[in-house]
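**Student:** Take a look at this one; I'll ask things after.
Numbering (mature numbering (1 follows the signal peptide of the UniProt record, and there is no 0)), first residue to last: -23 to -1, 1 to 448.
Pasting the structure below:
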């Protein structure tokens, strides 16, 4: 059924674009595929001419085309043929000079589109941002981050189709879809380990999004949903399926930015494991107290974080295989007070099932709210977790609240008081057919319930009984 839906969507996108008569072969248009000549003005001229005639397709034959920032327009398709490579200009001032003139835009991009509709980037070619160039090595503080260009950035766009292309070596996030509607991302290949903030795919406050059959291998979060400042819309009505996600940070993440929230998101049939490169994280050396047993690891396989006043509900994640993870599942409701002092995040109606996880650290899965925002209605079923084990202490008598802390698996300190799940400030949680296994004996209980109301266990297997703190 899902494949049929995707096929129909692809056909509809193709029908929309192909209905416009104009087709421009970029070499015939004068573009030079030598990797040195600046083709920015030619690409922009071709896009503008297509728009003036009602739309059209830019066909990019095999070759290496140097471009600076280009702006997509409505009803324009960019088709990269096999062997075609768009190379991002490495002169960072080119991006700054252009984007400084755009009202409200803070982050530059190689390919940008705003307030348009019906656009596509397809084909078996590649877009390479050359983000490893020394001009882009500006560090990871907030100011330098927004100085580096994103590879693809679409804002307030209705009808986006990105398929089959390879996206490599961004100087910042690889791609960002912000306040967009009706987005289809299918069969893309993402590889980026050249800079800080190399998220593979960011969806920010967008709705009606379908992501399928993608391969993502990045230094930062592989797949990330956000609800950031200035975007007054939820991330909602989203499906993700059949993806391979490799990361040095999080495999699947909702957050950290969570001002409006997340609703009706289904993720299925994905594989998560360590990135192919680790050029800057080195978790095992940086945090020896975490008991990390592998040189390269994913921080959390699944991270659901709502900490900025937004709402998270109706999230379903199923049939996920993960390995090389520090923490398989991390769910956190917090209060960073980024919206208003009176608005506190909420998380409810979360279903996670059919998970096979191999953990490589002592930081167990955790599901934690705060006293003012208890997580509600969580179902964890058909889950098997294998972790290193080997701790000699039974449990910590106190785990800090960290209500305003940055949400991450290590936010509570050296070790959690459970080998499987630490759960706090939660109402109505069910564990069904959950198996916890440690490779070495572990003195911690498999489950630690801390201020939990209405918990239920059925058909669970674990090496040591659960502990429930008294409140």
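Where is the CB? At the ideal position from N, CA and C, for every residue including glycine.
Can you give me the C-alpha to C-alpha distance between residue 35 and residue 17, rounded to a whole angstrom?
**Tutor:** 13 Å
**Student:** Which term fits residue 303, buried or exposed, when burial requires 16 or more other beta carbons within 10 angstroms of its beta carbon?
**Tutor:** buried
**Student:** Less than 8 Å between C-beta atoms, sequence neighbours within five positions excluded: which residues of the same chain meet that for residue 44?
**Tutor:** 15, 16, 17, 20, 63, 64, 65, 66, 87
**Student:** Identify every residue that forms a DSSP beta bridge with residue 151.
**Tutor:** Answer is none; residue 151 lacks a bridge partner.
**Student:** To the nearest angstrom, report how far apart residue 142 and residue 362 are at their CA atoms.
**Tutor:** Put simply, the backbone Cα of residue 142 is about 35 Å away from that of residue 362.
**Student:** So, does the segment 266 to 278 touch the segment 309 to 322, judging by three or more C-beta pairs under 8 Å?
**Tutor:** Put simply, the segment 266 to 278 does not touch the segment 309 to 322. Fewer than three CB pairs are less than 8 Å apart.
**Student:** Would you call the segment 228 to 235 and the segment 284 to 297 in contact, with 3 or more CB pairs under 8 Å?
**Tutor:** yes
**Student:** Can you name the start and end residues of the beta strand (DSSP E) that residue 359 belongs to?
**Tutor:** For residue 359, the enclosing beta strand (DSSP E) has its first and last residue at 352 to 366.
**Student:** Using beta-carbon positions only, say whether residue 155 and residue 173 come within less than 8 Å of one another.
**Tutor:** Judged by their CB atoms, residue 155 and residue 173 are not nearer to each other than the 8 Å cut-off.
**Student:** Thinking C-alpha only, which one of 83, 153, 116 is nearest residue 123?
**Tutor:** 83
**Student:** With a floor of 3 residues, list each beta strand (DSSP E) that falls wholly inside the segment 151 to 204, ordered by position along the chain.
**Tutor:** 152 to 155, 158 to 163, 166 to 169, 178 to 181, 184 to 189, 192 to 195, 200 to 204
**Student:** Between residue 319 and the rest of its own chain, which residues show a CB-CB distance below 7 Å, the 5 nearest in sequence each way excluded?
**Tutor:** Taking C-beta separations shorter than 7 Å and ignoring five residues to either side along the sequence, residue 319 has no partners in its chain.
**Student:** Would you list, in sequence order, the uninterrupted alpha helix (DSSP H) runs of no fewer than 4 residues that lie entirely inside the segment 380 to 409?
**Tutor:** none
**Student:** Is the beta carbon of residue 257 closer than 8 Å to that of residue 216?
**Tutor:** No, they are not a contact pair.
**Student:** Would you mind stating whether residue 425 and residue 377 have Cβ atoms separated by less than 8 Å?
**Tutor:** no
**Student:** Taking its Cβ as the centre, do 16 or more other Cβ atoms sit within 10 Å of residue 207, making it buried, or is it exposed?
**Tutor:** exposed
**Student:** Which residues does DSSP list as the beta-bridge partners of residue 430?
**Tutor:** 404
**Student:** Less than 8 Å separating the beta-carbons of residue 61 and residue 96?
**Tutor:** no
**Student:** Just the C-alpha distance for residue 33 and residue 92, rounded to the nearest angstrom, thanks.
**Tutor:** Computed Cα separation, rounded: 18 Å.
**Student:** On the DSSP bridge list, what partners appear for residue 15?
**Tutor:** 43
**Student:** According to the Cβ coordinates, are residue 212 and residue 177 closer than 8 Å?
**Tutor:** no
**Student:** Enumerate in chain order the residues of its own chain whose CB-to-CB distance from residue 432 is below 7 Å, with the five nearest sequence positions on each side excluded.
**Tutor:** 406, 426
**Student:** Which term fits residue 251, buried or exposed, when burial requires 16 or more other beta carbons within 10 angstroms of its beta carbon?
**Tutor:** Buried is the call here.
**Student:** Just the Cα atoms here: how many angstroms apart are residue 163 and residue 98?
**Tutor:** About 11 Å.
**Student:** Does DSSP put residue 134 in a helix, in a strand, or in coil?
**Tutor:** Looking at residue 134 - three-state DSSP - the assignment turns out to be coil, as it is neither helix nor strand.
**Student:** Within a Cβ cutoff of 6 Å, which residues of the same chain sit near residue 333, ignoring the five residues on either side of it in sequence?
**Tutor:** 298, 361
**Student:** Can you tell which of 279, 209, 166 has the C-alpha that lies nearest to the C-alpha of residue 316?
**Tutor:** Selected option, being the one with the closest Cα: 209.
**Student:** Classify residue 230 as buried or exposed, calling it buried when 16 or more other Cβ atoms lie within 10 Å of its own Cβ.
**Tutor:** buried
**Student:** Counting only the same chain and skipping the five closest in sequence on each side, list residues whose C-beta sits under 6 Å from that of residue 292.
**Tutor:** 242, 327
**Student:** Kindly indicate the opening and closing residues of the alpha helix (DSSP H) around residue 284.
**Tutor:** Per DSSP, residue 284 belongs to no alpha helix (DSSP H) and is neither H nor E.
**Student:** Given that a residue counts as buried once 16 or more other Cβ atoms are within 10 Å of its Cβ, and exposed if not, what is residue 353?
**Tutor:** buried
**Student:** Return yes when the Cβ of residue 194 is within less than 8 Å of the Cβ of residue 147, no when it is not.
**Tutor:** no
**Student:** Threshold first: 4 residues or longer. Then list the alpha helix (DSSP H) segments lying entirely within the segment 57 to 88, N to C.
**Tutor:** 69 to 76
**Student:** Just list the residues that DSSP pairs residue 231 with in beta bridges.
**Tutor:** 202, 281
**Student:** Quick one: what's residue 414 bridged to in DSSP?
**Tutor:** Answer is 363.
**Student:** Which of helix, strand or coil does DSSP assign to residue -17?
**Tutor:** Bear in mind that the predicted position of residue -17 carries a pLDDT of just 43, short of 50, making it too unreliable to give a figure here.
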